[in-house]
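45 is the number that our numbering gives to position 9 of the sequence shown; each next residue is one higher, with no gaps.
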Amino acid sequence: MPYDTDIYETLRFRLMTNAFEHGQKVRAEHLRQEFGCSASTIREVLFRLSTLGLVEFQEQRGFRVPEKSDSVIHELTHLRVLLEAEGTAMSIRRGGVAWEARLTAAHHQLSHLEMRLSTATDKSPFVDLWFNAEAQFHETLISACGSQALIDTHHGVYCRFRQQLMVEDRAFDFISNNIMHHQQILDAAMSGDEALTRQKIHDHLARHLLPKSAVEMA
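What follows is the structure, encoded as structure tokens:
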């Protein structure tokens with residue numbers, strides 16, 4: 037089981053970070069050879085990833101990476117705003133000093149990487165580190181909410197959200213705004229202002245929301 041978990045986590049990260057193209061077929065036999073495991077192990081891992089929404093399965097056609105979709109990005113962003121805003125508000129009430137310390141540490145790591153990304157000519161050495169640090173910061177925001185269901189739901193939504201943006205976000209054109217937004221979220225959360233924290237989370241993710249007119253037409 038630990039070995040299966042390692043394969044699962046490796047493929048989950050690849051599916052979120054541009055190792056596969058949108059719509060690409062995921063060939064189980066190639067993965068079996070790469071990881072040196074049984075075909076049943078790979079199929080079990082891919083089915084687990086399908087429950088997360090990172091691959092789609094069709095009879096006779098196998099596994100495939102979901103296509104990119106503006107409407108899906110909008111829906112996932114809307115869910116992230118709802119879950120992170122509520123989860124962070126609950127963490128503010130419940131987390132105490134221990135949560136504040138974890139959140140500050142997660143932000144420090146993320147802020148350092150984003151500052152390096154903002155000035156680096158070659159961003160490639162920082163990409164995987166950023167993906168991990170960004171996920172950790174947003175997971176830490178809701179980590180003291182007291183609802184495992186909320187945390188698990190957010191994890192699935194976050195993974196699918198990140199996969200949808202795995203191509204364009206690698207340019208890091210947004211990084212200067214990210215630095216500001218993450219600092220504002222941290223400051224609001226540490227001040228204990230739930231309403232302000234909710235607003236800053238919304239502001240941070242708003243660039244991925246479709247205009248109201250586009251949503252109504254979808």
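Heads up, the beta-carbon is just placed ideally off N, CA and C, and yes, glycines get one too.
Remember, predicted model here, so these are calculated numbers, not experimental data.
**Report entry** Any 3 or more C-beta pairs closer than 8 Å across the segment 199 to 218 and the segment 182 to 190
**Finding:** no
**Report entry** Exposure of Ser74, with buried meaning 16 or more beta-carbon neighbours within 10 Å
**Finding:** Indexing the sequence shown from 1 puts residue 74 at position 38. Exposed is the call here.
Query raised in the report: Can you name, in chain order, every residue of its own chain whose Cβ lies under 7 Å from the Cβ of Leu82, other than the five neighbours on each side?
Result: Counting from one through the sequence shown, the residue named residue 82 turns up at place 46. The answer, listed in chain order, is Val62, Ala64, Val91, Phe99.
Query raised in the report: Hey, which unbroken runs of the beta strand (DSSP E) at 3 residues or more fall wholly within the segment 94 to 152?
Result: As far as the segment 94 to 152 is concerned, its whole beta strand (DSSP E) runs of at least 3 residues are 98 to 100.
**Report entry** First and last residue of the uninterrupted alpha helix (DSSP H) at Arg67
**Finding:** Here residue 67 refers to the residue found at position 31 when the sequence shown is read from its first residue. In the sequence as displayed, the identity of residue 67 is Leu instead of Arg. 64 to 71 is the span of the alpha helix (DSSP H), which, as asked, contains Leu67.
Query raised in the report: Roughly how many angstroms lie between the CA atoms of Ile221 and Thr233, to the nearest whole one?
Result: For the purposes of this step, residue 221 is taken as the residue at position 185 of the sequence shown. For the purposes of this step, residue 233 is taken as the residue at position 197 of the sequence shown. If I take the Cα positions, the gap works out to 6 Å.
**Report entry** Enclosing alpha helix (DSSP H) for Cys195 [first to last residue]
**Finding:** As a working note, residue 195 is residue 159 in the sequence shown. Start and end: 184 to 200.
Query - Nearest residue (CA-CA) to Thr77, options Asn54, Asp42, Thr87, Glu120 - result: As a first step, residue 77 is located in the sequence shown; it is residue number 41 there, counting from the start. Nearest option by C-alpha distance: Asp42.
Requested in this report: Measuring alpha carbon to alpha carbon, tell me which of Leu177, Ala224, Leu139, Arg116 ends up nearest Met126.
Outcome: Start at 1 with the first residue of the sequence shown, and residue 126 comes out as number 90. Checked all of Leu177, Ala224, Leu139, Arg116; the closest Cα to Met126 is Leu177.
Requested in this report: Mind reading off the beta-carbon distance from Arg196 to Leu112? Whole number of angstroms is fine, and I expect it under 8 Å.
Outcome: Position 160 of the sequence shown, counted from the start, is the residue given in the question as residue 196. Position 76 of the sequence shown, counted from the start, is the residue given in the question as residue 112. Yes, they are in contact, since the Cβ atoms of Arg196 and Leu112 sit about 6 Å apart, within 8 Å.
**Report entry** Cross-strand partners of Lys61 (DSSP beta bridge)
**Finding:** By 1-based counting over the sequence shown, the position of residue 61 is 25. In DSSP, Lys61 forms a bridge with Arg100.
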